[in-house]
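K.L.:
Note that my numbering has the sequence shown beginning at 47, numbered continuously upward. From the three backbone atoms N, C-alpha and C, an ideal C-beta is built for every residue, glycine too.
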Amino acid sequence: MNLDDSGDEDCTALLAMSQGFERILSSSRMQHPLAGMLNFDDDAPPKITKGADRKPVANQGAPLSMRELLAKESEDRLIRIQLENAQRDSVLQSEKIASLESEVKSLRMKCDKDLQEFQRKENALNGNIAQLQEQIARNNSLLAITQRKLLLVTQERDAFQSVIARYKSELDKDIEIVTGERTDHTQCQALLTNVQAELDEANKLLKDALASAKESNLNRSRKISSSTSQENTELKGQIDELKRELEEKSAELECHKERRHLQGHYDPSTTQVLHLLNNPADDSRKKNASLVQDLRAENARLLERLKIMAQEGAAVDDLTLRVNEKMLGGVGSQEVEDLKEQLAKSELKNQRLGEAFKSTTKEFRSIVYKLLGYRVTITGNQRYEFMSMYAETPKDILCFTTASNGDVQILANDYSLSFGENCEHYLQTGNSIPAFLSSITLDLFSKQTILEQ
Numbered sequence: 047m048n049l050d051d052s053g054d055e056d057c058t059a060l061l062a063m064s065q066g067f068e069r070i071l072s073s074s075r076m077q078h079p080l081a082g083m084l085n086f087d088d089d090a091p092p093k094i095t096k097g098a099d100r101k102p103v104a105n106q107g108a109p110l111s112m113r114e115l116l117a118k119e120s121e122d123r124l125i126r127i128q129l130e131n132a133q134r135d136s137v138l139q140s141e142k143i144a145s146l147e148s149e150v151k152s153l154r155m156k157c158d159k160d161l162q163e164f165q166r167k168e169n170a171l172n173g174n175i176a177q178l179q180e181q182i183a184r185n186n187s188l189l190a191i192t193q194r195k196l197l198l199v200t201q202e203r204d205a206f207q208s209v210i211a212r213y214k215s216e217l218d219k220d221i222e223i224v225t226g227e228r229t230d231h232t233q234c235q236a237l238l239t240n241v242q243a244e245l246d247e248a249n250k251l252l253k254d255a256l257a258s259a260k261e262s263n264l265n266r267s268r269k270i271s272s273s274t275s276q277e278n279t280e281l282k283g284q285i286d287e288l289k290r291e292l293e294e295k296s297a298e299l300e301c302h303k304e305r306r307h308l309q310g311h312y313d314p315s316t317t318q319v320l321h322l323l324n325n326p327a328d329d330s331r332k333k334n335a336s337l338v339q340d341l342r343a344e345n346a347r348l349l350e351r352l353k354i355m356a357q358e359g360a361a362v363d364d365l366t367l368r369v370n371e372k373m374l375g376g377v378g379s380q381e382v383e384d385l386k387e388q389l390a391k392s393e394l395k396n397q398r399l400g401e402a403f404k405s406t407t408k409e410f411r412s413i414v415y416k417l418l419g420y421r422v423t424i425t426g427n428q429r430y431e432f433m434s435m436y437a438e439t440p441k442d443i444l445c446f447t448t449a450s451n452g453d454v455q456i457l458a459n460d461y462s463l464s465f466g467e468n469c470e471h472y473l474q475t476g477n478s479i480p481a482f483l484s485s486i487t488l489d490l491f492s493k494q495t496i497l498e499q
């Protein structure tokens, strides 16, 4: 029970007591034996009704006897006694009524005073309630803002987690590419070994052909020796060039292995990953296969040339023409048509892959913009521009670049310098670019929300 309810109950009890006293006074007046002969007023004392006011008695004009006179006198004496008693009772009742009225008056004054006090307390409590309601409204508003910020932070956290997972998958793909490159390098070494063996065999056949040509025809061998020595020199030059390229590729592969090892990549032998089609590793394998195929074709032409020289000893021009005719003689028109058809299919496939790549790139940029709140633009030379969806002008752009060791660095401009406190806290102290981008997003979102409100 609160203070207002207790005050109302006290006032109600006092009013009920005063009404009860008034009912008691009224009933005592009505029950008095001389109520008809006495006039009770609140302020005047009770008075006796005179004989002239009383009703006439029967036979009033007749002479009375002694007995009647005595009876009348005793009756008058009894009446006087009753009147005296009534007067005493009336005085007592008047005093009692005055006391009760005084008590009722004091109770009413007390009730009014208590009622005023209760009203004052009620007004104070109403004021406190209004203040508390205003404070609750402010707290609810702050709670709503905090919940919105928490929702944004949660969404950004999930987005960053997805980006981290994507980076991990791309890292696994890179590891697979390195593994493929290592395998390709091993295959290239094996192929180069085979080519070296074939070249050695070709040199041996060349020496045998030269010896047999000298024995059969010295004059013709003199003519052929110059061209053969020239071709031999060219072959040796090609062999040296291939060896040099092999050494360069081996050195590049070793440097690449060491750099990947220093960057903390996983062991490719214990990690199984997936990779996309038409990636750099596939291109490298295709180039190596094409190079090996060209080398084999060249080796076959040289072997055929040596065989023809050993058999017939033809001139240089005639020999080259015959070798080309013999090498191309096995290729029919149907094979040429098949090659053209395969080339058309490859071009169509490359076109479709290019269109799919453009569509995927556009979709990826759109989802990054919607989830992370930044539009990413690649300007070349390992430079990237980030523009927030809450940016005030199109010139509000953050520029990043990648260093030679793979680290991402921010480029200073007027817009990035406007976030000096965030740069110091998140970049210099925390060394966290994602946290820096998130803080900028929250700041711009808060400013835009305040402007809208």
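Using only CA atoms, which one of K250, I496 and E114 lies nearest to K353?
P.N.:
With distances taken between Cα atoms, K353 lies closest to K250.
K.L.:
Indicate the three-state DSSP secondary structure (helix, strand or coil) for T439 in the structure shown.
P.N.:
Correct three-state label for T439: coil.
K.L.:
What's the call for L483, buried or exposed, on a 16-neighbour Cβ count within 10 Å?
P.N.:
So L483 ends up on the buried side.
K.L.:
Between which residues of its own chain and L116 is the CB-CB distance below 8 Å, once the five residues before and five after are set aside?
P.N.:
Cβ within range, chain order: n/a, list empty.
K.L.:
Among R421, L444, T448 and A205, which residue has its Cα nearest to the Cα of M435?
P.N.:
Of the listed residues, the one whose Cα sits closest to M435 is R421.
K.L.:
For F501, does the three-state DSSP call read helix, strand or coil?
P.N.:
It is not possible to answer for residue 501, since the shown part of the chain is limited to 47 through 499.
K.L.:
For S434, name the three-state secondary structure that DSSP assigns.
P.N.:
The answer is strand: DSSP assigns S434 an E or B state.
K.L.:
Return helix, strand or coil for Q428, following the three-state DSSP convention.
P.N.:
Three-state DSSP puts Q428 in coil, outside helix and strand.
K.L.:
Would you call the stretch 459–475 and the stretch 406–425 in contact, with 3 or more CB pairs under 8 Å?
P.N.:
Touching, no, given that fewer than three Cβ pairs across the two stretches are closer than 8 Å.
K.L.:
Using the beta-carbon count (16 or more within 10 Å), is C301 buried or exposed?
P.N.:
Exposed, since its Cβ has fewer than 16 Cβ neighbours within 10 Å.
K.L.:
Please name the residue, chosen from F446, S412, A132 and L417, that lies closest to Q428 on a Cα-to-Cα basis.
P.N.:
The candidate whose alpha carbon is nearest that of Q428 is F446.
K.L.:
According to DSSP, T423 sits in a beta bridge with which residue or residues?
P.N.:
Looking at the DSSP assignment, T423 forms a beta bridge with E431.
K.L.:
Could you please give the first and the last residue of the uninterrupted beta strand (DSSP E) stretch that includes L457?
P.N.:
Unbroken beta strand (DSSP E) run through L457: V454 to L457.
K.L.:
How do the stretch 282–289 and the stretch 381–392 stand: do at least 3 beta-carbon pairs fall below 8 Å, yes or no?
P.N.:
In short, these stretches do not touch, since the Cβ pair count stays below three.
K.L.:
Taking only three categories from DSSP, how would you classify G476?
P.N.:
G476 falls in the coil class under three-state DSSP.
K.L.:
With burial defined as no fewer than 16 other Cβ atoms inside 10 Å of the residue's Cβ, what is the status of I127: buried or exposed?
P.N.:
Its Cβ having fewer than 16 others within 10 Å, I127 is exposed.
K.L.:
Along the chain, where does the alpha helix (DSSP H) containing S462 start, and where does it finish?
P.N.:
S462 -> alpha helix (DSSP H) spans D460 to L463.
K.L.:
Going along the chain, which residues of its own chain have a beta-carbon closer than 6 Å to the beta-carbon of E202, five neighbours each way excluded?
P.N.:
Cβ within range, chain order: S484.
K.L.:
Between E393 and the rest of its own chain, which residues show a CB-CB distance below 7 Å, the 5 nearest in sequence each way excluded?
P.N.:
So no residue of the chain qualifies.
K.L.:
Does DSSP classify N573 as helix, strand or coil?
P.N.:
Look at the range of the chain in this structure, 47 to 499, and you will see that residue 573 is not part of it.
K.L.:
Can you tell me which of the three DSSP states S111 falls into?
P.N.:
Residue state, collapsed to three classes: coil.
K.L.:
Can you find the residues in the same chain that come closer than 7 Å, C-beta to C-beta, to Y472, ignoring five residues on each side of it along the sequence?
P.N.:
Hits under 7 Å: S478, A481, F482 and S485.
K.L.:
Taking the C-alpha atoms as reference points, what is the distance between L444 and L399?
P.N.:
Whole-angstrom Cα-Cα distance: 32 Å.
K.L.:
Take the Cβ of M112 as the centre, count every other Cβ of all protein chains shown within 10 Å, and call the residue buried at 16 or more, exposed below.
P.N.:
Looking at its Cβ environment, which holds fewer than 16 other Cβ atoms inside 10 Å, M112 is exposed.
K.L.:
Measuring only the C-alpha atoms, how far is V137 from Q165?
P.N.:
Cα to Cα, V137 sits roughly 41 Å from Q165.
K.L.:
So, is T279 buried or exposed, given that buried needs 16 or more other C-beta atoms within 10 angstroms?
P.N.:
By the neighbour-count rule (16 or more Cβ atoms within 10 Å), T279 is not buried but exposed.
K.L.:
For R411 and E467, I'd like the C-alpha separation in whole angstroms.
P.N.:
Cα-Cα distance, rounded: 29 Å.
K.L.:
Pull up the distance between the alpha-carbon of D340 and that of L299, whole angstroms please.
P.N.:
Those two C-alpha atoms are separated by around 23 Å.
K.L.:
What three-state label does DSSP hand C469 in the structure shown?
P.N.:
In the structure shown, C469 sits in a helix (DSSP, three-state: H, G or I).
K.L.:
Just how far apart, CA to CA, sit K334 and T232?
P.N.:
What sits at residue 334 in the sequence shown is Asn, not Lys. Going by the C-alpha atoms only, they are around 11 Å apart.
K.L.:
Hey, how far is the Cα of S492 from the Cα of D204?
P.N.:
Looking at the two C-alpha atoms, the distance is approximately 20 Å.
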